[in-house]
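Q: When you line the sequence shown up against full-length UniProt numbering, it's residues 1 to 376, in that order. Glycine included, each C-beta is placed from N, C-alpha and C at the ideal position.
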Amino acid sequence: MIIKFTILALNLVTILSYKTYGYLVYCPCMGRFGNQADHFLGALAFSKAINRTLVLPPWVEYRYGEVKSIQVPFDTYFNIEPLNRYHQVITMEDFMDTVALVIWPPQERISFCYTQRVGEIDNSCNAKSGNPFGPFWDTFNIDFVKSIFYGPLNYDAHNSKMMESWTKTYPPKQWPVLAFTGAPASFPVQFENVHLQKYLIWSDDILSKSRSFIKNNMSGGGFLGIHLRNGPDWVKACQHIPDSPKLFSAPQCVGYKNEKGKLTSSMCLPQKSEIIKQIKRALKKFKDIKYVFVASDSNHMIEDLKTSVKNMELTILKHQPSNPHLDLAILGQANYFIGNCVSSFTAFVKRERDAKGLPSEFWSFPDRKKFKHEEL
Ligand code: GFB
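1) Below 6 Å CB to CB, which residues in the same chain sit around Glu61 once its five sequence neighbours on both sides are set aside?
2) Can you pull the DSSP bridge partners for Gly339?
3) Which runs of the beta strand (DSSP E) fall wholly inside the region 177 to 237 and span at least 3 residues, in chain order?
4) Can you say whether Tyr150 is buried or exposed, counting buried as having 16 or more other CB atoms within 10 angstroms of its CB?
5) Starting from Glu81, trace the alpha helix (DSSP H) both ways and give me its first and last residue.
6) If you count every other CB in all the chains shown that lies within 10 Å of the CB of Pro359, and 16 or more means buried, which is it?
7) Closest to residue 441 by C-alpha separation, out of Phe223, Cys253, Lys262, would be which residue?
8) I need the boundaries of the beta strand (DSSP E) containing Val145, first residue and last residue.
9) So, for Ser266: in the same chain, excluding its five sequence neighbours on each side, which residues have a beta-carbon less than 8 Å away from its beta-carbon?
10) Beta carbon of His39: closer than 8 Å to some heavy atom of the ligand GFB?
11) Taking the DSSP output, what are the residues bridged to Thr91?
12) Could you check if Asn131 belongs to the surroundings of the ligand GFB, using beta carbon to heavy atom distance under 8 Å?
13) Tell me the rounded alpha-carbon separation between Tyr22 and Ile276.
14) Using alpha carbons as the reference points, say which of Arg32, Gln36, Ala43, Leu44 lies closest to Arg63.
15) Can you tell me whether DSSP reads residue 378 as helix, strand or coil?
16) Can you give the Cα-Cα distance for Gly339 and Leu200, rounded to whole angstroms?
17) Helix, strand or coil, according to DSSP, for Cys125 in the structure here?
18) Can you list, in chain order, the residues of its chain with a C-beta nearer than 7 Å to that of Ala250? Leave out the 5 residues immediately preceding and following it.
19) How many Å lie between Pro132 and Phe345 at the Cα?
20) Does at least one heavy atom of the ligand GFB sit under 8 Å from the Cβ of Gly65?
21) Which residue from Asp205, Lys310, Lys198, Gly255 puts its Cα closest to that of Gly357?
22) To the nearest angstrom, how far is the alpha carbon of Thr315 from that of Pro324?
23) With burial defined as no fewer than 16 other Cβ atoms inside 10 Å of the residue's Cβ, what is the status of Tyr170: buried or exposed?
24) Whose C-beta lies closer than 7 Å to the C-beta of residue 379 among residues of the same chain, with five residues either side of it excluded?
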């Protein structure tokens, strides 16, 4: 009895402390980690702009051979506290265990989408149709009774008129929870939201594992971190370069309007010779580098790299077994980083390093021939 009362009282305290703003819930239903991270920054900006507490969704992951996505709690990878300094947030797990019990009863669960989505029901968001949509909401036993199409509103947090329209159309008193079928954010991350990366700080667990890896394997010298994105999905994606001058995260180097250069196939899928040349150039600049840490989704090229630098006192290594988050956290701590401009996985590292004032560059960018010509 006492325990029950204490839990109820705690819930009320949590709810009262959040109540005035309303809540924003969403499914990070597009792409893998890099895409979801880009979306997260946009959702964070949007929730602040419409003054609603952001419910931190779990990360959606896909395991080989499994039909349904797996939902990994947000705080497995990131600390909540720094985010709270920017804006009020709560994890999805805490939200469902406390606030939702009071302000979001099952009969009031409405899904929001820009316009109808194809699925089992006509004229609906079909918020649970397909993977990861169904498994995501099922993780929290959430079903929706209705859909709202919020178009033509959009989630550009930097358009104050638009944000006013949101708060006027969906005031928190009548709409305590806005649950979005997908992330209320653009991909790649809007330029104005890139700086929010500084609030995404790795969890103590990821930080300590990445630091131990560095200490145990790369002490006594600096290290160069490189990201080689070269799996079959990527090879296929890079074929779209000629028709997609801003493919995926390319704006991070070519600019959001291609104002900083042209996207080339080599930037997406650099050849072995180009990779080796660029590494050697970086090593000339950073003389105290003794290690090259390679992160990759497919081919780490360890043997090729070892052969190409065999006359230098360098150790080439990777993390085993493959662990994307540890790779990211390690790359974020490298003395120098070379990444793939088109990849949102690289983009995460680049933003984190920019926030810490650490130097980075991209494969085959800027175009050296053009650069040299312009310098003359
Ligand atoms: O993160 P992500 O959206 O980046 O998706 P891109 C790529 C996934 O591949 C990562 C794995 O989330 C990781 O699971 N991966 C990539 C890696 N690089 C590494 C690495 O260095 N180490 C490890 N351990 N894993 C785009 C997608 O990928 O690729 C698009 O976002 C689309 O949706 C396209 O699928 C083909 O932006 O690189």
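A: According to the structure shown:
1) Cβ within range, chain order: Ile70, Val72.
2) In the DSSP assignment, Gly339 is bridged to Phe362.
3) As far as the region 177 to 237 is concerned, its whole beta strand (DSSP E) runs of at least 3 residues are 177 to 180, 222 to 228.
4) Under this definition Tyr150 is a buried residue.
5) For Glu81, the enclosing alpha helix (DSSP H) stretches over residues 81 to 86.
6) The residue in question, Pro359, is exposed, as its Cβ has fewer than 16 Cβ neighbours within 10 Å.
7) Because the chain here runs from 1 to 376, residue 441 falls outside it and cannot be looked at.
8) Premise fails: Val145 is in no beta strand (DSSP E) and is neither H nor E.
9) For Ser266, where only same-chain residues beyond five positions count, the Cβ hits under 8 Å are Glu274, Trp363, Ser364.
10) Every heavy atom of the ligand GFB is 8 Å or more from the Cβ of His39, so no.
11) Note: Thr91 sits in a beta bridge opposite Leu56.
12) Checking the Cβ of Asn131 against the ligand GFB gives no.
13) It is worth fixing the name first, because residue 22 is Gly in this sequence and not Tyr. Answer to the nearest angstrom: the Cα atoms are 52 Å apart.
14) Comparing alpha carbon positions, the residue from Arg32, Gln36, Ala43, Leu44 closest to Arg63 is Arg32.
15) Because the chain spans 1 through 376 in this model, residue 378 falls outside it and cannot be assessed.
16) Cα-Cα distance, rounded: 20 Å.
17) Coil.
18) Within the same chain, Cβ atoms closer than 7 Å to the Cβ of Ala250 are found at Leu263, Cys341, Val342, the five residues on either side in sequence being excluded.
19) Each residue's alpha carbon lies about 20 Å from the other.
20) No, since every heavy atom of the ligand GFB falls outside the 8 Å radius drawn around the Cβ of Gly65.
21) Closest in C-alpha terms to Gly357, from the list Asp205, Lys310, Lys198, Gly255, comes Lys198.
22) Near 21 Å, if we compare the C-alpha coordinates of Pro324 and Thr315.
23) Looking at its Cβ environment, which holds 16 or more other Cβ atoms inside 10 Å, Tyr170 is buried.
24) This structure cannot speak to residue 379, because the chain is shown only from 1 to 376.
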